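Asks:
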Amino acid sequence: PYVVKFHVWTSGIRVEAGATLTIEPGVVVKFERGTALSSGDGKIVALGTSAEPIIFTALTDDTIAGDTNGDGTATQPEVAFWLGVRLRNSADRLEFTELRYGDFCIDSDQVLIIKNNKFLDCGAGINIRSGFGGQVSDNEFTNTHHNFSAVFSSGFFKSLEDVVFERNHFSGWAYGFSFDDLITGQVTIRNNEITNNRFGFFRLSGGNFLLENNNIFGNLEYGAINFELSSPLPAQNNWWGDASGPFHPTL
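Under the working numbering, the first residue of the sequence shown is numbered 34, with each subsequent residue one higher.
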């Protein structure tokens, strides 16, 4: 495997202006603690295949490409061991990759297509910054600890481009989706399976949302919760685990 090493000036790898970092199918990239891969002023193209995915994981993950740091079982992978892949160019492509044990496994402020990837035990599968948009489809977001968020957006007065989340699977997180302080952009969430999280969908404030044709069931506390009382949350035509629809114990 390739190993991204920590350096005090770069904290990993940053692609220079005009350059393209191309990662071939089947490549394994492991990260030392606190490191990241950023497209910077250049571009990242990581196109795996279903048979040969590209793996981004912690240096301590011995389940992929063996005991790279040579310490046997003395160290184990953990959530947020490395920082993540930072996509800063709208031409960046990640497809058929697996991202494991990063803090924000993908962090972006661009309009992108993100599809056919697997996210495992990240601090956030995708951290959304102002300017993010596009299409996020056919991905698997899995967390084995019921903590953190598969899709996370927080901060003050965040402006998004329109974004569609479609045909993804979210399981095992504290929050499948967590949104706060969105002021522009339509967020459409449709045809996803959102199950076995603490909260399937969490909206604290702001935003323009549509939830439709999702399977939202088996979440430990709420399938969807909306604290933005000035704006209803359109969530018709979803499956909530029972033909009677969503259930509230006091309503």
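All C-beta atoms in this analysis are idealised placements derived from N, C-alpha and C, irrespective of residue type, glycine included. Note that the structure is predicted; figures quoted are calculated from it, not measured.
(1) Nearest to Asp171 by alpha carbon, out of Val60, Lys148, Lys191 and His179?
(2) Check whether the segment 71 to 79 and the segment 96 to 114 touch, using three or more Cβ-Cβ pairs below 8 Å as the test.
(3) Quick one: using the 10 Å Cβ neighbour count with 16 as the cut-off for buried, is Val169 buried or exposed?
(4) Kindly indicate which residue of Ala268, Thr93 and Ile146 has the alpha-carbon position closest to the one of Leu243.
(5) Report the three-state DSSP secondary structure of Arg133 (helix, strand or coil).
(6) Should Asn290 and Ser264 be called a contact, given that it needs their Cβ atoms to be closer than 7 Å?
(7) From the DSSP output, which residues share a beta bridge with Gln168?
(8) Quick check: the Cα distance between Val144 and Asn160, rounded to an integer number of angstroms?
(9) Measuring only the C-alpha atoms, how far is Leu153 from Gly164?
(10) Quick one, are the C-beta atoms of Gly239 and Ile216 less than 7 Å apart?
(11) Give the straight-line distance between the Cα atoms of Lys63 and His40, rounded to the nearest whole angstrom.
(12) I need the straight-line Cα distance from Ala84 to Thr130, nearest angstrom please.
(13) Kindly list the residues whose CB is nearer than 7 Å to the CB of Gln109, restricted to its own chain and excluding five residues on each side of it in sequence; keep chain order.
(14) Spatial neighbours of Ala166 within its chain, please: CB distance less than 7 Å, with the 5 preceding and 5 following residues excluded, ordered by chain position.
(15) Please identify the residue among Ala183, Asp136, Gly274 and Glu199 whose C-alpha is closest to the C-alpha of Phe114.
(16) Is Ala157 near Ser141, with beta carbons less than 7 Å apart?
Replies: The relevant details are as follows:
(1) The residue you call residue 171 lines up with position 138 of the sequence shown. When C-alpha distances from Asp171 are compared across Val60, Lys148, Lys191 and His179, the shortest belongs to Lys148.
(2) No, the segment 71 to 79 is not in contact with the segment 96 to 114.
(3) Here residue 169 is taken as the residue at index 136 of the sequence shown, counted from 1. Result: buried.
(4) In the sequence shown, counting from the first residue as 1, residue 243 sits at position 210. The candidate whose alpha carbon is nearest that of Leu243 is Ala268.
(5) In the sequence shown, counting from the first residue as 1, residue 133 sits at position 100. If DSSP states are grouped into helix, strand and coil, Arg133 belongs with the strands.
(6) Past the edges of the chain, shown from 34 to 284, lies residue 290, and the structure says nothing about it.
(7) As a first step, residue 168 is located in the sequence shown; it is residue number 135 there, counting from the start. DSSP links Gln168 through a beta bridge to Ile146 and Val197.
(8) As a first step, residue 144 is located in the sequence shown; it is residue number 111 there, counting from the start. As a first step, residue 160 is located in the sequence shown; it is residue number 127 there, counting from the start. Each residue's alpha carbon lies about 13 Å from the other.
(9) For the purposes of this step, residue 153 is taken as residue 120 along the sequence shown, with counting starting at 1. For the purposes of this step, residue 164 is taken as residue 131 along the sequence shown, with counting starting at 1. Gly164 has its alpha-carbon roughly 25 Å from the corresponding atom of Leu153.
(10) Taking the first residue of the sequence shown as position 1, residue 239 is located at position 206. Taking the first residue of the sequence shown as position 1, residue 216 is located at position 183. Between Gly239 and Ile216, the C-beta gap is smaller than 7 Å, which places the two residues in contact.
(11) Residue 63 sits at position 30 when you count from the first residue of the sequence shown. Residue 40 sits at position 7 when you count from the first residue of the sequence shown. Between the alpha carbons of Lys63 and His40 lies a gap of roughly 15 Å.
(12) Position 51 of the sequence shown holds residue 84. Position 97 of the sequence shown holds residue 130. Between the alpha carbons of Ala84 and Thr130 lies a gap of roughly 11 Å.
(13) One-based indexing of the sequence shown puts residue 109 at position 76. Residues of the same chain with a CB within less than 7 Å of the CB of Gln109, apart from the 5 flanking positions on each side, are Thr93 in chain order.
(14) Residue 166 sits at position 133 when you count from the first residue of the sequence shown. According to the sequence displayed, residue 166 carries Gly and not Ala. Cβ neighbours of Gly166 within its own chain (closer than 7 Å, five residues either side excluded): Val144, Leu193, Glu194, Asp195, Val196 and Gly218.
(15) Position 81 of the sequence shown, counted from the start, is the residue given in the question as residue 114. Distances from the CA of Phe114 to each of Ala183, Asp136, Gly274 and Glu199 were compared; the closest alpha carbon is that of Asp136.
(16) Here residue 157 is taken as the residue at index 124 of the sequence shown, counted from 1. Here residue 141 is taken as the residue at index 108 of the sequence shown, counted from 1. Their beta carbons are not under 7 Å apart, which means Ala157 does not touch Ser141 by this criterion.
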